[in-house]
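As given, the protein sequences belong to chains W and U, one line each in that order. Under the numbering used here, the first residue of the first sequence carries the number 22, and numbering increases by one thereafter. Under the numbering used here, the first residue of the second sequence carries the number 22, and numbering increases by one thereafter. Glycine is no exception: its CB is placed at the ideal position from the N, C-alpha and C atoms.
Protein chains: 2
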Amino acid sequence: MRPIFCLLVSSLLLPLLLRADDGYRLWLRYDPIPDASLRQAYTGAISEIVIPENPRPLVASARDELVAGLRGLLGADIPVVTKATRDNALILGIPRDPWIAAVVNEADLREAGVEGYVLRRIAHEGGHRTLIVANRDSGLLYGAFALLRHLQSHQSLDNLNVISAPKIQRRLLNHWDDMNRHVERGYAGFSLWEWFYLPEIRDPRYRDYARALASIGLNGTVITNVNANAQILTAPYLAKVAALAQEFRPWGVRIYLTARFSAPIEIGGLKTADPLDPAVAAWWQGKVAEIYRTIPDFGGFLVKANSEGQPGPQDYKRTHADGANMLADAVQPYNGIVMWRAFVYSPDNNDDRVKQAVTEFAPLDGKFRQNVIVQIKNGPLDFMPREPFSPLFGAMPNTRLAAELQITQEYLGQSIDLAFLAPMWREVLDADTYANGKGTTIASIVDGSAKLQHPSVIAGVANTGTDRNWTGHLLAQANWYAFGRLAWDHQLSSEKIADEWTRLTFGHDDTAVSTINKMLLGSRETVVNYSMPLGLTHIMAEGHHYGPGPWVDKLGRADWTSVYYHKADEKGLGFDRTATGSNALAQYAPEWQKLWGNVETCPENLLLWFHHVSWDHKMKSGRTLWDELCLRYQQGVDEVRALRRDWDSLKGRIDEERFTHVAQRLARQEKEAINWRDSCLLYFQQFSKRPLPTGVEPATHPLEHYKQILRNMPGF
Amino acid sequence: MRPIFCLLVSSLLLPLLLRADDGYRLWLRYDPIPDASLRQAYTGAISEIVIPENPRPLVASARDELVAGLRGLLGADIPVVTKATRDNALILGIPRDPWIAAVVNEADLREAGVEGYVLRRIAHEGGHRTLIVANRDSGLLYGAFALLRHLQSHQSLDNLNVISAPKIQRRLLNHWDDMNRHVERGYAGFSLWEWFYLPEIRDPRYRDYARALASIGLNGTVITNVNANAQILTAPYLAKVAALAQEFRPWGVRIYLTARFSAPIEIGGLKTADPLDPAVAAWWQGKVAEIYRTIPDFGGFLVKANSEGQPGPQDYKRTHADGANMLADAVQPYNGIVMWRAFVYSPDNNDDRVKQAVTEFAPLDGKFRQNVIVQIKNGPLDFMPREPFSPLFGAMPNTRLAAELQITQEYLGQSIDLAFLAPMWREVLDADTYANGKGTTIASIVDGSAKLQHPSVIAGVANTGTDRNWTGHLLAQANWYAFGRLAWDHQLSSEKIADEWTRLTFGHDDTAVSTINKMLLGSRETVVNYSMPLGLTHIMAEGHHYGPGPWVDKLGRADWTSVYYHKADEKGLGFDRTATGSNALAQYAPEWQKLWGNVETCPENLLLWFHHVSWDHKMKSGRTLWDELCLRYQQGVDEVRALRRDWDSLKGRIDEERFTHVAQRLARQEKEAINWRDSCLLYFQQFSKRPLPTGVEPATHPLEHYKQILRNMPGF
């Protein structure tokens with residue numbers, strides 16, 4: 022048999038090692054470590070895996086992950102035992118074990134906290150041991166992933182000594198998934214949740230999804246759209262949700278649901294949903310009790326109320342606090358929470374749309390229950406490529422506040438354009454509200470260190486779907502990864518996250534790593550340059566939000582149009598939000614008012630957000646606004662061409678399937694960038710009446726041509 | 022290096038061989054042949070692959086398939102050469118090669134025809150050679166797949182001598198895919214065609230799709246829904262279609278499109294779509310020229326006109342022939358065809374719906390161009406679990422007729438219930454129309470042997486989608502496979518097809534093969550038993566068509582309701598289609614009228630289709646109709662339970678992932694079967710006013726409960 026077996030093996034191995042990669046494995050690839058000596062060093066340093074007998078589910082998951090990971094990375098099956106039997110054991114320990122307590126002290130464990138872990142290589146009886154120690158099972162699971170990431174990153178095990186704990190308690194994905202499997206603002210296929218087939222029929226992908234979340238430290242997911250459907254709260258659907266919860270639970274991922282405020286009417290048979298009506302409160306209490314009977318570890322509700330047509334407490338002349346507190350009281354006995362979204366702008370409020378969240382919510386500061394978290398988008402408008410941070414973060418000192426970031430690229434090229442978002446999120450997390458004086462960053466408000474603690478929440482609107490590679494654009498996996506890593510540790514730098522992800526996903530070829538890191542780190546600014554530079558916002562095409570639409574002027578409401586936002590006229594361009602205009606600026610700390618209020622000191626990347634600027638205004642470059650604007654659009658196009666050159670230089674260094682996947686998207690992105698440049702410059706030129714400066718390529722078609730393009734997108 | 026390499030290899034191999042199977046590979050698995058001696062025998066008999074230099078695309082595909090297939094099956098890399106260099110060469114030959122002409126004679130080549138192949142093992146200079154010989158490249162490709170199937174089936178190569186040619190020229194899938202990626206009557210995810218990303222971005226799955234079609238002999242595909250969208254004919258979309266055609270071409274798969282009859286108005290800017298208006302004809306001629314400039318091997322149009330609200334020639338008082346011929350003249354210069362669907366029933370025609378196709382089309386016999394094929398669903402109603410064949414097949418002797426079969430299980434449990442459809446399709450293909458006397462089967466009419474030849478067409482409405490396993494239910498892959506095999510050779514038995522597919526998909530374990538074959542072959546009749554036994558039809562739930570809806574009585578039109586079809590009353594059950602009723606029977610040959618017209622001789626599986634039968638009618642079993650009906654529903658449920666026992670008996674004989682996938686669906690199917698039985702019996706009992714016979718389980722809920730169930734299906 023042997024010769025034939027070997028023949029069989031080697032030839033099977035060939036296609037395996039060379040095989041194209043469809044991206045399904047994400048950053049959990051566990052391919053063999055190419056360097057034999059390193060592989061041997063690791064194999065020598067991990068002789069067996071020691072876990073307690075009858076491990077609980079999360080520990081069993083940690084064990085399975087370590088076994089599969091080490092088999093892949095080292096090409097060896099590391100034995101699993103319940104007591105250390107030899108030197109170089111890898112031990113998953115709990116502090117109650119006295120032997121462990123001796124080597125991991127109280128302070129270490131306090132630092133590890135509820136969900137964190139200690140990774141430590143220690144000398145032991147003349148040899149060594151590797152420890153993963155945590156106060157809870159979840160910490161052991163996160164520690165196992167951290168150790169595997171350490172090996173995948175080819176770092177040494179000698180003197181391994183890491184203590185890591187998440188700074189924010191509830192690290193959640195928000196899925197804007199409709200129950201018909203359409204994903205609102207989803208660009209990676211369709212919803213992963215197969216409602217019609219549940220609960221009996223369970224896609225194995227549910228477990229892979231939860232495992233991916235756990236691998237980057239996420240511990241919860243809101244599986245339904247904020248534009249909610251009350252059906253999800255009916256008994257047949259709760260049984261389906263319970264099936265999903267069962268699949269997610271071994272990976273420490275809890276389920277949350279969106280609550281449609283009018284559910285008591287739609288599925289409860291009541292005449293009203295007035296939050297102060299005892300019958301309504303009673304209905305929710307009964308419904309919540311039913312939910313927790315079905316899903317004992319249910320996390321709580323996310324609510325979009327009185328926003329964009331959603332029902333809410335204001336329909337009954339009640340406040341957001343009235344509505345949120347009623348739901349909060351219902352989930353409180355089960356330690357559930359209510360995440361109440363502050364993304365509101367009223368049809369009967371004609372004030373600058375970006376001011377309305379503060380106007381509505383600031384007066385309610387301090388009126389919310391302790392298990393209510395007001396969830397705020399990073400900017401005051403709506404996930405634009407760049408906007409200033411939302412002033413609401415600084416306006417509610419006595420309310421728990423969560424940050425809602427958007428992983429899916431609704432306004433940043435969806436799953437065609439490359440846009441690594443960590444740098445954008447860093448801008449937000451580092452933004453100083455000055456709420457308790459200098460240094461009151463949004464990160465410190467969200468993690469509770471600035472003031473109110475527990476529960477703390479960070480939410481990312483998911484970019485996942487049924488596409489084989491999960492995110493549509495392979496490189497968009499980096500945004501999912503980055504959100505998870507920042508949710509765990511909001512002090513990580515964009516460079517660190519990009520380098521981690523690139524190495525996990527593409528290996529350690531120096532040229533490939535440095536090239537891909539460079540591509541990622543500049544990519545978001547590139548999108549800003551060819552779509553909405555210098556503080557322009559919301560000038561995209563209507564409806565699907567893909568591509569340019571500066572001409573959009575007639576929609577259901579003024580503040581849905583582009584002209585409302587760019588205010589282009591013969592004099593100039595931009596929205597005056599200073600005292601001479603909407604004075605949205607007044608919602609910020611004096612330090613910001615001083616900086617942003619002056620057209621001379623306002624950073625140019627926010628200039629047109631805060632000011633209506635004359636076409637001839639001198640920019641720092643010495644050019645006029647018009648010339649600068651044109652050159653920014655051209656720069657964006659040039660940068661996409663550079664991205665293509667960079668990627669093409671990697672041909673042969675990464676597998677053909679992934680190379681082609683990205684190359685095709687970059688080719689399309691160049692067309693779209695040119696489309697943005699030509700559409701916007703032709704449109705704005707109608708007002709500026711100035712020629713294109715040298716260096717800017719003229720459009721090849723008249724404006725009308727560009728207005729047509731995106732009308733050919735049925736169903737998108 | 023070697024020891025480490027071996028360690029690496031064996032441990033990588035382990036998960037590979039044991040790895041769960043997600044079904045993506047379909048029947049093209051090419052896993053190593055377990056029997057070492059057989060593997061050795063094959064490896065000895067195929068020493069090298071000989072193909073001509075600079076092979077054209079289809080031959081290159083054949084080469085690649087053979088190399089990949091033999092590597093997988095034999096674990097050996099068989100060298101590819103352009104001239105035979107040693108004994109046991111496998112030679113892909115063309116008859117122009119004189120050496121080949123000597124061993125494959127004229128008669129053989131005539132038999133192989135345009136697309137067929139000769140597979141032959143011959144003695145040569147004291148040794149042996151294996152030949153794949155064909156008149157065209159496509160034959161070499163089909164021959165390569167046939168040879169691999171031969172090896173996958175573990176058949177001997179000694180004395181290999183096969184000549185095979187398709188009996189029907191155009192073997193097509195019909196995709197009812199909307200351009201927003203919804204699939205009408207699709208139950209395997211969403212449309213594979215990513216319109217927004219094309220033409221630049223091309224899912225590798227496009228090639229895998231075309232390869233799968235080629236592997237079962239299909240050579241064309243209609244990629245858009247018969248409920249058509251004119252957008253597909255605009256220049257931007259034709260560029261996208263051309264990209265798909267480019268991906269399909271190396272596998273010999275040609276693209277066809279559905280033509281929306283009102284396209285000249287919607288995208289052409291004309292005031293009319295009147296087929297006799299010269300401007301309309303000219304517009305189509307220009308559009309067709311544009312299509313062929315973009316897609317030189319474009320196949321032609323499929324049209325649904327004046328049916329279910331679709332526009333058509335009757336809107337202008339013209340006939341179906343007027344409309345079809347106008348389009349046929351446009352594509353004729355390019356050898357294109359027009360497939361004109363006969364699925365019509367008019368809102369202003371109150372006659373029995375099943376009669377209307379003959380009423381409308383029979384008078385047009387002989388009036389269609391030679392490149393028009395009238396495409397007829399297998400039955401006169403609409404893909405019911407069982408109906409008699411469509412009488413239209415026998416009513417148009419001077420018109421080319423195509424059979425439209427439905428692979429997707431719209432009325433047979435979609436992708437939850439197991440229903441192997443080959444036995445149903447055999448009933449249709451073998452049905453004798455008596456059009457030219459006894460033996461004028463539908464198969465002989467469709468393949469042209471009965472009368473009119475060229476072009477001949479068979480169409481199957483696809484059951485494919487974005488689900489990883491292509492068809493939603495893993496075992497529904499067998500229906501895709503069966504359609505392809507029957508399209509190639511409509512004389513294959515259901516047993517042969519089932520056995521082929523089972524062995525290709527699950528291997529050769531005797532118990533597994535015989536059990537799965539048995540499950541497949543009985544499964545369609547089981548669905549008939551628990552849903553629409555004894556000739557009942559169209560009593561499913563409204564809209565989504567999943568599950569029972571015998572109570573459906575108020576819809577847009579009477580002939581969309583269930584009560585229209587079952588006619589249940591105090592006297593009895595069933596639709597009288599004899600002379601005393603609608604006399605649809607008169608559309609069939611006298612032989613059928615005699616057999617079906619008499620309630621005593623009418624086969625019981627069509628009894629209620631043709632007759633309104635009293636509840637007390639004595640059935641062949643001696644039971645009353647009511648008791649027989651009840652027992653059939655119970656039998657259906659019992660048979661599903663048997664399917665579950667059969668499948669459970671295979672645990673451990675097939676991989677866990679596929680075992681669980683099917684087990685979960687069978688568990689759900691049992692619930693649905695019980696739901697069918699209880700819903701229908703409770704409902705019909707209101708009329709029969711008779712008790713359930715012994716042996717039939719009583720419903721656990723009142724009728725109202727069952728009416729509610731399926732209302733909780735948002736978006737499905």
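Chain-order list of residues whose beta-carbon lies under 7 Å from that of residue i (same chain, five-residue window excluded)
i: L47 of chain W; result: A233, W491, Q498
i: Y704 of chain U; result: P571, W572, L724
Same chain, Cβ closer than 8 Å to residue i, five either side skipped, listed in chain order
i: R60 of chain U; result: P53, I54, L94, L95, G96
i: I288 of chain W; result: A251, Q252, L254, T255
i: Y218 of chain U; result: D224
i: A302 of chain U; result: P296, M347, D350, A351
Same chain, Cβ closer than 6 Å to residue i, five either side skipped, listed in chain order
i: L169 of chain U; result: G90
i: V71 of chain W; result: V102, A105, A110, I112
i: R390 of chain W; result: N346, A349
i: F364 of chain W; result: S328, K398
Reduced DSSP category for residue i - H, G, I as helix; E, B as strand; rest coil
i: I738 of chain U; result: The question about residue 738 of chain U has no answer, for chain U in this structure spans 22 to 737.
i: N696 of chain W; result: helix
i: M553 of chain W; result: coil
i: L703 of chain U; result: helix
i: L162 of chain W; result: helix
i: K517 of chain W; result: helix
i: H341 of chain U; result: helix
i: D198 of chain W; result: strand
i: T64 of chain U; result: helix
i: P569 of chain W; result: strand
i: T462 of chain W; result: strand
i: N626 of chain U; result: helix
i: R665 of chain W; result: helix
Of the residues the options, the one placed nearest residue i, counting alpha carbons only
i: W697 of chain U; options: U:V658, U:L664, U:A110, U:I537; result: U:V658
i: D699 of chain W; options: W:Y727, W:W636, W:D98; result: W:Y727
i: Y313 of chain U; options: U:T681, U:G593, U:N356, U:A123; result: U:N356
i: G564 of chain W; options: W:I437, W:H638, W:A589, W:V573; result: W:V573
i: Y432 of chain W; options: W:K692, W:K388, W:G568, W:G344; result: W:G568
i: V634 of chain U; options: U:P271, U:V324, U:A133, U:G593; result: U:G593
i: V88 of chain W; options: W:A62, W:R157, W:G137, W:F166; result: W:F166
CB contact below 8 Å: residue i versus chain C
i: T487 of chain W; result: The chain inventory of the structure shown lacks chain C, comprising the protein chains W and U.
Whole-angstrom C-beta distance between residue j and residue i, which should lie under 8 Å
i: A231 of chain W; j: E205 of chain W; result: Their Cβ separation, rounded to whole angstroms, is 22 Å, which puts A231 of chain W and E205 of chain W out of contact at 8 Å.
i: A209 of chain W; j: N484 of chain W; result: 6 Å
i: A440 of chain U; j: R545 of chain U; result: 5 Å
i: L162 of chain W; j: G273 of chain W; result: 6 Å
Taking three-plus beta-carbon pairs below 8 Å as touching, is the stretch 608-616 of chain W in contact with the stretch 682-696 of chain W? no
Does the pairing of the stretch 522-531 of chain W with the stretch 376-396 of chain W give three or more beta-carbon distances under 8 Å? no
Across the stretch 643-657 of chain U and the stretch 413-420 of chain U, are there enough close Cβ pairs to call them in contact, namely three or more that are closer than 8 Å? no
Check whether the stretch 189-207 of chain W and the stretch 232-246 of chain W are in contact - that is, three or more C-beta pairs closer than 8 Å. yes
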